[in-house]
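Accompanying notes for the structure given below.
There are 2 protein chains.
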Amino acid sequence: MAIIGEITEKHRLSSPECKQQMMPVQDALDILHGKWKLLILMSLSTGPMRFKEIQRQVEGITAKMLSKELKDLEINELVQRTVYDTIPVAVEYTRTPYGNSLKKVIDELHAWGVQHRKRVMRRSN
Amino acid sequence: MAIIGEITEKHRLSSPECKQQMMPVQDALDILHGKWKLLILMSLSTGPMRFKEIQRQVEGITAKMLSKELKDLEINELVQRTVYDTIPVAVEYTRTPYGNSLKKVIDELHAWGVQHRKRVMRRSN
DNA sequence: CCGCATCCCCAAGGATACTG
DNA sequence: CAGTATCCTTGGGGATGCGG
Numbered sequence: 001m002a003i004i005g006e007i008t009e010k011h012r013l014s015s016p017e018c019k020q021q022m023m024p025v026q027d028a029l030d031i032l033h034g035k036w037k038l039l040i041l042m043s044l045s046t047g048p049m050r051f052k053e054i055q056r057q058v059e060g061i062t063a064k065m066l067s068k069e070l071k072d073l074e075i076n077e078l079v080q081r082t083v084y085d086t087i088p089v090a091v092e093y094t095r096t097p098y099g100n101s102l103k104k105v106i107d108e109l110h111a112w113g114v115q116h117r118k119r120v121m122r123r124s125n
Numbered sequence: 001m002a003i004i005g006e007i008t009e010k011h012r013l014s015s016p017e018c019k020q021q022m023m024p025v026q027d028a029l030d031i032l033h034g035k036w037k038l039l040i041l042m043s044l045s046t047g048p049m050r051f052k053e054i055q056r057q058v059e060g061i062t063a064k065m066l067s068k069e070l071k072d073l074e075i076n077e078l079v080q081r082t083v084y085d086t087i088p089v090a091v092e093y094t095r096t097p098y099g100n101s102l103k104k105v106i107d108e109l110h111a112w113g114v115q116h117r118k119r120v121m122r123r124s125n
């Protein structure tokens, strides 16, 4: 029980700094939350993409969701929308430089996902 | 319009590989989704932590959610739960080595959040 | 102190049909 | 092709209260 008390005390002291560390993460999650946003950004990693193209790449997303998520991403300046005045209209979506700044985040998440998948495979055998 | 056709064609070709890249990310998001999981993992970065301690650090989370999220994290072996047979019982949560493997992901998200906050501040002035 | 049980609400998300 | 509109379901999340 003494050990518990010690541990508790130790971390209560470091609490304020911990909260400071969390705020930025909370900010990031606010913008990137949901099932789709990061996947959409990924699909734009190779270059501009049209609506249907993105929908094909991001498996399972409905037009409604894609439309909404793209709007959100545009508001946060992670994605740019360009309309070409053709018939029928063509719309291209591009990652902005700011959107590209998420590359590392996505890369790390991807790397973790890869090894996680391996791990799950291993355990299920 | 020619340019559109070209762009479309180019990326349709790279589509299969893109989907491959997305699956791991989707896996990762499945485990880490929601408002709280990453924040909880962050709060455990400095060492073992008791239930109430975590709740104090993760601002705004209710006991119910914390309980549920900790269970999920335990199932996925990112967090370990230890019960001390004291009166009243004390329960400690620790990041497993596997949970620690998410450090880079969290770090990148944190780094992005920090600069995002700066950016938002700048624009609102 | 560490939760679980219950009730409740709302936003996220899905299905389908439809327009310019 | 690029979405909107509508309706619907699910579950994330909050509030409160209780039990070991």
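Protein sequence lines correspond, in order, to chains A and B. In terms of the UniProt record's numbering, the first sequence opens at residue 1 and continues consecutively. In terms of the UniProt record's numbering, the second sequence opens at residue 1 and continues consecutively. Note that the Cβ used here is the ideal one computed from N, Cα and C, for glycine as well.
Let me see if you follow: with CB-CB separation under 7 Å, is residue i close to chain A or not?
i        : result
Pro24/B  : yes
Glu108/B : yes
Who are residue i's beta bridge partners in DSSP?
i       : result
Ala90/B : Tyr84/B
Arg95/A : Val79/A
Residue i touches chain B at which residues, Cβ-Cβ below 7 Å?
i        : result
Gly113/A : Pro24, Val25, Asp27 and Ala28
Lys68/A  : Those within 7 Å of Lys68/A in chain B number zero; the least Cβ separation is about 17 Å.
Between residue i and chain B, is there a C-beta pair that is closer than 7 Å?
i        : result
Val105/A : yes
Leu39/A  : yes
Leu13/A  : For Leu13/A, the predicted structure reports a pLDDT of 43, less than 50, and the residue's modelled location is therefore unreliable. A value from the coordinates is still provided. No - not a single Cβ of chain B is within 7 Å of the one on Leu13/A.
Quick one: which chain A residues come within Cβ less than 7 Å of residue i?
i        : result
Leu102/B : Trp112
Could you name the residues of chain A that residue i contacts, counting a contact when the two beta carbons are closer than 8 Å?
i        : result
Ser117/B : Note on residue identity: the sequence assigns Arg, not Ser, to residue 117/B. Those are Met23, Pro24 and Asp27, listed as they occur along chain A.
Residues of chain B with a CB under 9 Å from the CB of residue i: which are they?
i       : result
Glu59/A : Lys19, Met22, Met23 and Gln26
Against residue i, what residues of chain B qualify as contacts under a CB-to-CB distance less than 8 Å, listed in chain order?
i       : result
Met42/A : Cys18, Gln21, Met22 and Val25
Lys64/A : Result: empty, since nearest Cβ-Cβ is about 19 Å, beyond 8 Å.
Lys71/A : The contacting residues do not exist; Lys71/A stays about 19 Å from chain B at best.
Rounded to whole angstroms, how far is the Cβ of residue i from the Cβ of residue j, which I believe are closer than 8 Å?
i        : j        : result
Val89/B  : Met42/A  : With 8 Å as the limit, Val89/B and Met42/A do not qualify as a contact, their Cβ atoms being about 44 Å apart.
Leu70/B  : Val79/B  : 6 Å
Ser101/B : Trp36/A  : With 8 Å as the limit, Ser101/B and Trp36/A do not qualify as a contact, their Cβ atoms being about 25 Å apart.
Tyr98/A  : Pro48/A  : 16 Å between Cβ atoms; not a contact.
Glu108/B : Val105/A : 5 Å
His110/A : Gln20/B  : 11 Å between Cβ atoms; not a contact.
Leu38/B  : Leu29/A  : 7 Å
- Query: Which ranges would you report for the beta strand (DSSP E) in the region 27–68 of chain B if only whole runs of at least 3 residues count?
  - Reply: none
- request: Could you name each continuous alpha helix (DSSP H) segment of 4 residues or more that falls completely within the region 95–120 of chain A, going from the start of the chain to the end?
  value: 97–100
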